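K.L.:
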Amino acid sequence: MGKKLSLLIFFWLFLAIGALANSSYEAQIKSFDQSFTRASGEEMLKMHHMLKNIYIQSIIQNDVGLKVQSLERLVKSAKALNLDSKPYQSELDTLLVHNLAYSKPIDTTPPKATPPSVNKSNEANPIKNRTQPIAKPEKTTPTNTATPLAVLSVSFHGDGVSIRYNKSIQTKDVKSFVLKSKQTIRYVFDIPGALMGKTRTFESAIIDQVRVAQYNKSTIRVVFYHKKPLQIKHGTDDKTLYIGLSSAKTDAAPTEYVNKAPVVSSKRFNPKEKVIVIDPGHGGKDSGAVNGKYQEKKAVLQVALKLGSELKKRGYKVYYTRTKDTYLQLRSRTRVANDKNADLFISIHANAAPTKSKYKSMRGLETFFLSPARSERSKNVAALENKSEVDEMNYFSKQTYLNFLNREKIIASNKFALDVHQGMFDSLKDHFNIYDGGVREAPFWVLVGAQMPSILIEIGYITHPQDLKHIFDSHYQTLLAKGVADGVDNYFQKNN
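Using this note's numbering, the letters of the sequence shown correspond one by one to residues 79 to 574.
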């Protein structure tokens, strides 16, 4: 009884983290300042997660002041918990150099307290677990300009980068500064515009590394990393900006990074090089959601096998966590994906309304990615799917919880979820009357251990009369599988 109680407490603590966004961030920061030095190790860890959430919200709201306040305190809490504070300190230093007015002094001396046992080498970088599905980068309209300033291409020449815009760019629009440390010098250039697609990273024999990324909604940041001092210059030639060791290469041809809508790499990916692991939920003694003679475990296995067949036709390498009516522990499911070094993990489930009074009102096709849930509905869906796994939760330590919440995985999983959901909806909408439940985030334990982008698909509500017919309809299952495969194709093509 004591063991189960402690596991349940940890589970609900995990869910409660998502609810912190409902209160005032300023009040949470004030509470941290007043109580952190007197807190126990467990309380410190909880407050550390609270600060991460505030940091994420500062990014979503583009609130530099709130971001600085959260980072200052994350440095302090990370030190107190024997975690790696360098990522927080590094970003804080960059912000303070560029936005000195936002600096608010804080004592970063770690308090003397016994922290919980955490492996500091595994502390994840600052994260962005969004409260809403991550959409494509917004195009922002500069002041007094009718057409948004957008980047058409980025090319690297070994000694610098050429950035081609859709309209003229001027040298005065470029802001720059230098950050020095014992091992690396960073030459930072902030330029206007929208850079759709992923961060670009380049290396050469001349320059250690160059990174080009979207810094905020209207600013792109270009950073040159090198161990020794460099003479970095920048210049413009109408619609092209060059930043590098010389200012002559402003007419270089663009690389594969050409930004159009939709954002698609010109280099076709090879499905034969991609590994997909499909996880039919539940199985064996665990029937999942049930409506009379209809069992979730049977429907999701049928869909999984159809999906695997469709992906194989397209050239993908496919593995299943189960192909028969067998029970698998939660840890075994993601272990398959990790052992196979999978590129994507897809878990397939069917949903159910919590009470009979909602059987006819709750329905729809939903796609989830892993993150602390914000909405009550997401929490309830996760609680339903997690119910059979509650006895395994002790397998996932607090450190595992820290590890899975990394920014790159959340963003990649959200992008994957968006592509798959759109693929399913497009494939089904002309043939079945389906309700679009959208893309959501929720704390599904089956996704925690996966080391690659991962999603959980709810193919419909087994408790809804119409959804029930769909879920066990062979044609519906076939079109659903095709839609998921289309989403996989689109995800790889956009993120190749």
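All C-beta atoms in this analysis are idealised placements derived from N, C-alpha and C, irrespective of residue type, glycine included. As the structure is a computational prediction, the values presented were derived from the model and not from experiment.
How should A272 be labelled, buried or exposed, when 16 other C-beta atoms within 10 angstroms of its C-beta is the threshold for buried?
P.N.:
Buried: at least 16 other Cβ atoms inside 10 Å.
K.L.:
DSSP three-state call for R264: helix, strand or coil?
P.N.:
DSSP places R264 in strand when its eight states are reduced to three.
K.L.:
If you measure between the beta carbons of G361 and L406, is that distance less than 9 Å?
P.N.:
A contact, by the Cβ cut-off of 9 Å.
K.L.:
Using the rule of at least 16 other Cβ atoms within 10 Å of the residue's Cβ for burial, across every protein chain shown, is V266 buried or exposed?
P.N.:
The residue is buried, with at least 16 neighbouring Cβ atoms inside 10 Å.
K.L.:
Tell me whether G515 sits in a helix, a strand or coil according to DSSP, three-state version.
P.N.:
Note: G515 maps to strand in three-state DSSP.
K.L.:
Quick one: does T401 have its CB under 9 Å from some CB of chain D?
P.N.:
Here chain D cannot be found, since the structure has a single protein chain.
K.L.:
Based on Cα-Cα distance, which residue from G386, D357, L385, Y569 lies nearest to R409?
P.N.:
Ranking G386, D357, L385, Y569 by Cα distance to R409 puts D357 first.
K.L.:
May I ask which residues mark the beginning and end of the alpha helix (DSSP H) holding D567?
P.N.:
Element bounds for D567: 552–572.
K.L.:
Of all the beta strand (DSSP E) runs that stay within the bounds of the stretch 367–447, which reach a length of 3 or more residues?
P.N.:
Here the runs fully enclosed are 395–398, 422–429.
K.L.:
My understanding is that K562 touches V498, with C-beta atoms under 8 Å, so please give their C-beta distance in whole angstroms.
P.N.:
A quick correction: the sequence has Val, not Lys, at residue 562. That pair is a contact at about 5 Å.
K.L.:
Taking contact to mean at least 3 C-beta pairs separated by less than 8 Å, is the stretch 421–439 in contact with the stretch 529–548?
P.N.:
Yes, the stretch 421–439 is in contact with the stretch 529–548.
K.L.:
Which residue's Cα is closest to the Cα of G106: K130, E120, G119?
P.N.:
It should be noted that the sequence gives Gln, not Gly, for residue 106. Comparing Cα-Cα distances from Q106 to each of K130, E120, G119, the minimum goes to K130.
K.L.:
Alpha carbon to alpha carbon, how far is L443 from I512? Give it in angstroms, no decimals.
P.N.:
Using only the alpha carbons, I get a separation of about 7 Å.
K.L.:
What are the start and end residues of the alpha helix (DSSP H) that includes F545?
P.N.:
Phe is not the amino acid found at residue 545; the sequence shown has Asp there. Unbroken alpha helix (DSSP H) run through D545: 543–549.
K.L.:
Start and end of the beta strand (DSSP E) containing I302?
P.N.:
The identity of residue 302 in the sequence shown is Phe, whereas the question assumes Ile. Start and end: 297–304.
K.L.:
Measuring only the C-alpha atoms, how far is V378 from K493?
P.N.:
The straight-line gap from Cα to Cα measures roughly 23 Å.
K.L.:
Using the C-alpha atoms, what's the distance from A117 back to Q167?
P.N.:
Q167 and A117: Cα-Cα distance of roughly 22 Å.
K.L.:
Going by DSSP, name the residue or residues bridged to G361.
P.N.:
G361 is bridged to D364.
K.L.:
What first and last residue would you give for the alpha helix (DSSP H) that runs through K145?
P.N.:
Here the alpha helix (DSSP H) through K145 covers 142–158.
K.L.:
In three-state DSSP terms, what is L323?
P.N.:
Correct three-state label for L323: coil.
K.L.:
Taking three-plus beta-carbon pairs below 8 Å as touching, is the stretch 224–238 in contact with the stretch 277–289?
P.N.:
Flag = yes, the stretch 224–238 and the stretch 277–289 touch.
K.L.:
Expressed to the nearest angstrom, what Euclidean distance is found between the alpha-carbon atoms of K108 and F114?
P.N.:
For K108 and F114, the distance between alpha carbons rounds to 10 Å.
K.L.:
Would the stretch 241–257 and the stretch 295–315 be scored as touching if the rule is three or more Cβ pairs under 8 Å?
P.N.:
Touching, yes.
K.L.:
Thinking just about the alpha-carbon of each residue, which of G143, G516, A490 is nearest to the one in K572?
P.N.:
Among G143, G516, A490, the Cα nearest to that of K572 is on A490.
K.L.:
May I have the straight-line CA-CA distance separating L385 from Q529, to the nearest angstrom?
P.N.:
Each residue's Cα considered, the two are about 21 Å apart.
K.L.:
With DSSP as the reference, identify every bridge partner of V355, one or two as the case may be.
P.N.:
Bridge partners of V355: Y397, F423.
K.L.:
Strictly by DSSP, which residues pair up with A272?
P.N.:
In the DSSP output, where bridge partners are listed per residue, A272 has A228.
K.L.:
Do you know offhand how far G393's Cα is from K350's?
P.N.:
Those two C-alpha atoms are separated by around 5 Å.
K.L.:
Whole angstroms are fine: how far does the CA of F570 sit from the CA of R518?
P.N.:
C-alpha separation (whole angstroms): 21 Å.
K.L.:
Give the secondary structure of I285 by DSSP, where H, G and I count as helix, E and B as strand, and everything else as coil.
P.N.:
DSSP places I285 in coil when its eight states are reduced to three.
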